[in-house]
Amino acid sequence: MTTDYRYLYANPAHASTLKRRQIEIVGRHVAEFMPGSHFEDFTRTRLDRCFAGEMLSFNFSYRPWGRDGSACCTMTPFAGNDGRVVGAVVLIRRKQETCRKIAA
51 MTTDYRYLYA NPAHASTLKR RQIEIVGRHV AEFMPGSHFE DFTRTRLDRC FAGEMLSFNF
111 SYRPWGRDGS ACCTMTPFAG NDGRVVGAVV LIRRKQETCR KIAA
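If you're matching positions, the sequence shown starts at 51 in the working numbering and goes up one per residue.
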């Protein structure tokens, strides 16, 4: 995810979840794939914290996407060659147990 909230990459599993091809996701704003005000109410603040250098791990429900269940999200700052944060690596996985920070 770039600091302007656009997909730099989407793996095949995420593309399948969004019912899109990977190429249809890259370059698009993350809010385009979220219901209603979810991006402004929930996601933007967390991405901004990550872009400021904080690693975050949290659980969330993905019922708004038409499925029943919960997932764990880990956001890790991604730094460029100069050490400046240029984006975030966002890992979403089905919640098997409590969400724990993982090595990126």
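We put the CB at the ideal spot given by N, CA and C, even for glycine.
Inter-residue spacing [alpha-carbon to alpha-carbon] between residue i and residue j
i    : j    : result
R143 : M105 : 16 angstroms
G119 : V76  : 26 angstroms
M84  : G133 : 30 angstroms
R78  : F108 : 24 angstroms
S87  : T93  : 10 angstroms
A153 : N131 : In this predicted model, A153 has a pLDDT of only 45, less than 50, meaning its place in the structure is not dependable enough to derive any value.
K69  : E90  : 23 angstroms
Secondary structure of residue i, DSSP reduced to three states
i    : result
R143 : strand
S87  : coil
T124 : strand
V80  : helix
T53  : coil
Contacting residues, own chain, Cβ-Cβ under 7 angstroms from residue i (five flanking each side not counted)
i    : result
V140 : M51, C123, M125
R179 : The chain is shown from 51 up to 154; residue 179 falls before or after that span and cannot be answered.
D65  : This sequence places Ala at residue 65; Asp is not what is there. Taken in chain order, the residues that qualify are R71, Q72, I75.
Beta-carbon proximity of residue i to residue j, cut-off 8 angstroms
i    : j    : result
A60  : F101 : no
A121 : F110 : yes
Y57  : A81  : no
Any C-beta of chain C under 8 angstroms from that of residue i
i    : result
L141 : Here chain C cannot be found, since the structure has a single protein chain.
Nearest-angstrom beta carbon gap, residue j and residue i [assumed within contact, 8 angstroms]
i    : j   : result
V136 : T53 : 6 angstroms
Residues near residue i by beta carbon distance below 6 angstroms, same chain, minus five either side
i   : result
R96 : L106
Neighbourhood of residue i by C-beta distance below 8 angstroms, restricted to the same chain and skipping five residues each side
i   : result
P62 : Q72
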